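Student: There's a structure below that I have some questions on.
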Amino acid sequence: MLTSILHRLTGIGLYAGAIGFSLWLIAVAAGPETYAPVADFLSSPIGQAALYLLVAAFAFHFANGIRHLVFDTGAGLKPSDAETTAWAAILFAVAAPFALWALISAGG
Numbered sequence: 000m001l002t003s004i005l006h007r008l009t010g011i012g013l014y015a016g017a018i019g020f021s022l023w024l025i026a027v028a029a030g031p032e033t034y035a036p037v038a039d040f041l042s043s044p045i046g047q048a049a050l051y052l053l054v055a056a057f058a059f060h061f062a063n064g065i066r067h068l069v070f071d072t073g074a075g076l077k078p079s080d081a082e083t084t085a086w087a088a089i090l091f092a093v094a095a096p097f098a099l100w101a102l103i104s105a106g107g
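Under numbering that gives the first Met the number 0, the sequence shown has 31 at position 32, and the numbering climbs by one with no breaks.
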């Protein structure tokens, strides 16, 4: 039940993130004076939290979607299996933003 609600909420969050990404692209295209406040916001603690939540929402939505694709094959439908995969999707969503940050930081 929790993962069903989270899947819907992350879908809404990703929709909002797509709008934010579109606004970011417009700011980039408009030039440095327009992009500067956007860059300042994204580097602020609130902007960083928003980016973390966006990556976490994407990771959960992705993992839970794969989980449901597996369910469509008839596998993993036992309650204990479903609970295990639900927790795996949640843990993946928590860990993925940190892993992405580590990859970006290591790349320079």
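Quick reminder that beta carbons are idealized off the backbone N, C-alpha and C, glycines included. All values reported here derive from a predicted model rather than from experimental measurement.
What are the start and end residues of each continuous alpha helix (DSSP H) run of 4 or more residues lying completely inside the segment 2 to 51, in chain order?
Tutor: Within the segment 2 to 51, the complete alpha helix (DSSP H) runs of at least 4 residues are 31 to 42.
Student: Within the chosen definition, does the segment 53 to 62 reach the segment 90 to 104 through at least 3 CB pairs nearer than 8 Å?
Tutor: Yes, the segment 53 to 62 touches the segment 90 to 104.
Student: Any chance the segment 6 to 18 sits against the segment 60 to 78, with 3 or more Cβ pairs inside 8 Å?
Tutor: The segment 6 to 18 vs the segment 60 to 78: in contact.
Student: Inspect the beta-carbon positions of VAL54 and LEU99 and report whether they are closer than 8 Å.
Tutor: As a working mapping, residue 54 is identified with position 55 in the sequence shown. As a working mapping, residue 99 is identified with position 100 in the sequence shown. In this structure, LEU99 lies closer than 8 Å to VAL54 by Cβ.
Student: What is the DSSP secondary structure of THR83, reduced to helix, strand or coil?
Tutor: Here the question's residue 83 lines up with position 84 in the sequence shown. Helix.
Student: GLY106 by DSSP, collapsed to three states: which one?
Tutor: What you label residue 106 is simply residue 107 of the sequence shown in a count that begins at 1. Looking at GLY106 - three-state DSSP - the assignment turns out to be helix.
Student: Tell whether a beta-carbon distance below 8 Å holds between ALA88 and THR2.
Tutor: Taking the first residue of the sequence shown as 1, we reach residue 88 at position 89. Taking the first residue of the sequence shown as 1, we reach residue 2 at position 3. The answer is yes: Cβ separation under 8 Å.
Student: Distance, Cα to Cα, VAL37 vs ILE4?
Tutor: In the sequence shown, residue 37 corresponds to position 38, counting from 1. In the sequence shown, residue 4 corresponds to position 5, counting from 1. Each residue's alpha carbon lies about 31 Å from the other.
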